[in-house]
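In full-length UniProt numbering, the protein residues as written are 1 to 366. Ideal Cβ positions, reconstructed from N, Cα and C, are used throughout, including at glycine.
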């Protein structure tokens, strides 16, 4: 069946009779080494096809049913139970068997970890959704992996907005050519000013030649939804106001300049004061500015979290993985003996709360 992963059981009451006859099976400490060797053969021969192993299936049933009640193999119990057992002591043997079961399990696990487990560092983006009803859904919280969140970078892409030729604002965009158009409020094209395809008033209404002003907090709209809506309305460009200004702009289907809510509100107020008079808008591209980074901050598109399973995780993105994976690979190349847990610990405990262009001279962390 497609998608089925096998979980292979190494032992389930099926002890070779030869070991039972030779030294009493799980009543003897010799079983620990033999079980470890048997597990090693299985790991070696089938490890390329089996990713999940169960060492002993129902160990309690085996020790109790086989050595206390005598109802299961090897059928041992005390004489007073009158269960036609082959011998045994219901007061001691179940506990002795349980003890050697635990030791056999530990020996097999130790062998697997030391010889057959690759020890690969796995880095995931936390991967939660940013919209209801999944605002607290984090997909990758496995304890054996490293979950990452998106953060800030050390550059901005300033873009100048000029209204009516003399009122400037600053935003961020990756546009490369100047855009000249007429500013228009989202309410001219979308019901309740919600910049979404579902709210488009598409009866004889076109945004051709217009730079549409949209707000992320009106209808809780993401930038990609607003871009799709403005493109559907044939808009020239989009001015998108959002709570956090430190968003990294994208190359969008519709030229988009991002501003914070304060700037967006000022633009909207100016447009309202103009009444029916058209307000001209120029969007003038600038050059990327590289400077000192602020303290790390969770990116604009990140869910405010937290995960219902792991409250310390807010959000991850596709770009968090290669960055952190590269650092993990660097640590592994310098310290090849470090385990995945040690590498994750190094990543988590040596980061700084703020950025500096170079490490302090007395900073000896590696």
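1. Please classify residue 210: is it buried, with 16 or more other beta-carbons within 10 angstroms of its beta-carbon, or exposed?
2. For a test of the three-state rule: what should DSSP assign to residue 201, helix, strand or coil?
3. When the cut-off is 8 Å and only beta carbons count, does residue 186 lie next to chain C?
4. Does DSSP put residue 305 in a helix, in a strand, or in coil?
5. Touch check for the segment 7-16 and the segment 35-53: three-plus C-beta pairs under 8 Å?
6. So, is residue 76 buried or exposed, given that buried needs 16 or more other C-beta atoms within 10 angstroms?
7. Going by alpha carbons, who is nearest to residue 231 out of 148, 253, 218 and 216?
8. Would you kindly work out how many angstroms separate the C-alpha atoms of residue 94 and residue 109, rounded to a whole number?
9. What do you get for residue 80, buried or exposed, if any count of 16 or more other CB atoms within 10 angstroms of its CB means buried?
10. Whole angstroms are fine: how far does the CA of residue 107 sit from the CA of residue 33?
11. Per DSSP, which residues does residue 110 bridge with? Please list them.
12. Measuring CA to CA, which of 346, 43 and 163 is closest to residue 114?
13. Can you check which of these residues, 48, 271, 220 and 339, is closest to residue 164 by C-alpha distance?
14. How do the segment 189-198 and the segment 158-173 stand: do at least 3 beta-carbon pairs fall below 8 Å, yes or no?
15. Which of the three DSSP states, helix, strand or coil, is assigned to residue 123?
16. To the nearest angstrom, how far is it from the Cα of residue 161 to the Cα of residue 180?
17. Taking only runs of the alpha helix (DSSP H) that begin and end inside the segment 58-115, which ones reach a length of at least 4 residues, in chain order?
18. Give the DSSP-derived three-state secondary structure of residue 230 in the structure shown.
19. Give me, in chain order, the residues of the same chain whose beta-carbon lies closer than 6 Å to that of residue 334; leave out the 5 immediate sequence neighbours on both sides.
20. The beta strand (DSSP E) spanning residue 263 covers which residue range?
21. Rank 173, 323, 46 and 324 by C-alpha distance to the C-alpha of residue 157 and give the top, closest one.
22. To the nearest angstrom, how far is it from the Cα of residue 178 to the Cα of residue 287?
23. With distance defined between alpha-carbon atoms, name the residue in 171, 170, 159 and 122 nearest to residue 147.
24. Determine which residues share a DSSP beta bridge with residue 241 and list them.
25. Could you check what DSSP says for residue 367 in three-state terms: helix, strand or coil?
Quick look at the numbers:
1. By the 16-neighbour rule on beta-carbons within 10 angstroms, residue 210 is buried.
2. coil
3. Absence of chain C from the displayed structure is noted, only one protein chain being present.
4. Confidence at residue 305 is low in this model, with a pLDDT of 45, below 50, so its placement is unreliable and no value can be given for it.
5. Per the Cβ contact rule, the segment 7-16 is in contact with the segment 35-53 (3 or more Cβ pairs under 8 Å).
6. buried
7. 253
8. 23 Å
9. exposed
10. Near 8 Å, if we compare the C-alpha coordinates of residue 107 and residue 33.
11. Bridge partners of residue 110: none, in fact.
12. 43
13. Put simply, of 48, 271, 220 and 339 the residue whose alpha carbon is nearest the alpha carbon of residue 164 is 271.
14. no
15. DSSP places residue 123 in strand when its eight states are reduced to three.
16. 10 Å
17. 59-67 and 93-111
18. Three-state DSSP puts residue 230 in a helix.
19. none
20. Where residue 263 is concerned, there is no enclosing beta strand (DSSP E), although the alpha helix (DSSP H) it sits in stretches over 261-274.
21. The shortest C-alpha separation from residue 157 is found at 173.
22. 13 Å
23. Looking at the Cα atoms, 122 is the closest of the given residues.
24. 215 and 259
25. Outside the shown range of the chain, which is 1 to 366, sits residue 367, and nothing can be said about it.
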